[in-house]
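**Q** As given, the protein sequences belong to chains U and Z, one line each in that order.
Numbered as in the working numbering, the first sequence ends at 152 without a single skipped number.
Numbered as in the working numbering, the second sequence ends at 304 without a single skipped number.
The beta-carbon is built from N, C-alpha and C at its ideal position, and this holds for glycine as well.
2 protein chains.
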Amino acid sequence: MQQTQNPHTTHLTIEEIEHRLRQHGYRLTGPRTVVVDAVLRHQRPFTAEQLVAELSSGDDSIGRATVYRTLEVLASMDVLTRIVSPDGHPSYISGAPGHRHHLLCQVCGITVTFTACPMSELISTLADETKFQINEHTLEVFGVCPSCQAHQ
Amino acid sequence: MQQTQNPHTTHLTIEEIEHRLRQHGYRLTGPRTVVVDAVLRHQRPFTAEQLVAELSSGDDSIGRATVYRTLEVLASMDVLTRIVSPDGHPSYISGAPGHRHHLLCQVCGITVTFTACPMSELISTLADETKFQINEHTLEVFGVCPSCQAHQ
DNA sequence: ATCGATATTGACACAAAGTATCACTAGTGA
DNA sequence: TCACTAGTGATACTTTGTGTCAATATCGAT
Ligand SMILES: [Mn+2]
Ligand SMILES: [Mn+2]
Ligand SMILES: [Zn+2]
Ligand SMILES: [Zn+2]
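Next up, the structure:
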């Protein structure tokens, strides 16, 4: 295994994200900035609906469609990772450059990101044996973090 | 890698499934039998809604809730595997005893089941480094099967 | 074979999660 | 500043799944 790291170290700054948006030809709009700000405030995985709820009231209220669209854009630019847990509920984790996987606490949601991927060997074997053209894989690990183990 | 195998080899017979239902204390009802029959006819992954559509018309029509409940029961008894693809849509594959993963064709849906799991080493390293209690993992591989590669 | 407790069913209403439309607004480059 | 067009959000809609509950079917016991 190569490395485990704290999710904080993968966070991009607002400036970096805005730069990426421009580079990809997206406009820098008010609502988009509000969504990005909100995303960066999250240290843990969050669902689209959580973000909708946070941003649907208040002075600059953001529409549901805009939240979903912005999450899609950010995920496509590797600002966010979309993770689907075994129960089928997708959540988002901010910061995701490169090939990463996650270890999630099923109690509190805290996340450890890791770059070690044990798949490459398996993938060549699979490709050889099945003649499939292999495009992608999902790999996520679930458990209970030390803190949640301690608190019973 | 230990083995790849054709999904057909993992199919259980109706009798075996009914036996399992009894063993787990479930009653052997008409609707349940109809759902099991339908499930066994599927050689490829199918969604709950597909099954609902198949069984909602005809002489012995099954209610939506019953289909969902039966799928849940069958999955809990390892008669079915519930797989969640990266787009978040769950589908079911019949036959799933033991620890298995899948290679799915993104075009036609055909599936190869494999028992090789490259996770055990990674999991002990992760547990050591993070002190997480690790409970489960998702690992699915996606690509294009040889036949779909040929047909352009 | 009949009975009674209860597991199961399915119509229905409801909820959650996400998408299509489209008139309007606001960024952006010129 | 202007014109072009990407982006927004209210609304309606779809899909997928869940909760309720009176009616029914199963099954072990008699
Ligand atoms: Mn990987
Ligand atoms: Mn595994
Ligand atoms: Zn925790
Ligand atoms: Zn195929």
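(1) Going by beta-carbon coordinates alone, are residue 225(Z) and residue 258(Z) separated by less than 9 Å?
(2) Taking only beta-carbon positions, decide if residue 105(U) is within less than 9 Å of chain Z.
(3) Counting only beta-carbon atoms, is residue 296(Z) nearer than 9 Å to chain U?
(4) Would you mind telling me which residues of chain U sit closer than 9 Å to residue 271(Z), beta carbon to beta carbon, in chain order?
(5) How is residue 6(U) classed by DSSP in three states: helix, strand or coil?
(6) Give the interface partners of residue 183(Z) over in chain U, defined as CB-CB distance under 8 Å, in chain order.
(7) Got a sec: is the Cβ-Cβ distance from residue 175(Z) to anything in chain U below 9 Å?
(8) Please report how far the alpha carbon of residue 208(Z) lies from the alpha carbon of residue 53(U), in whole angstroms.
(9) Would you call the CB atoms of residue 235(Z) and residue 197(Z) closer than 9 Å?
(10) Over the uninterrupted alpha helix (DSSP H) stretch that includes residue 19(U), give me the two end residues.
(11) Could one say the Cβ of residue 46(U) lies closer than 9 Å to chain Z's Cβ atoms, at least one of them?
(12) Should residue 278(Z) be flagged as near chain U, meaning a C-beta pair shorter than 9 Å?
**A** So, to answer that:
(1) no
(2) yes
(3) yes
(4) 118, 139, 141
(5) Confidence is the limiting factor: at residue 6(U) the pLDDT is only 42, short of 50, which leaves the residue's position unreliable, though a coordinate-based value still follows. Coil at residue 6(U), not helix or strand.
(6) Per Cβ cutoff of 8 Å: no residues; residue 183(Z) is ~24 Å from chain U at best.
(7) no
(8) 36 Å
(9) yes
(10) 14–23
(11) no
(12) yes
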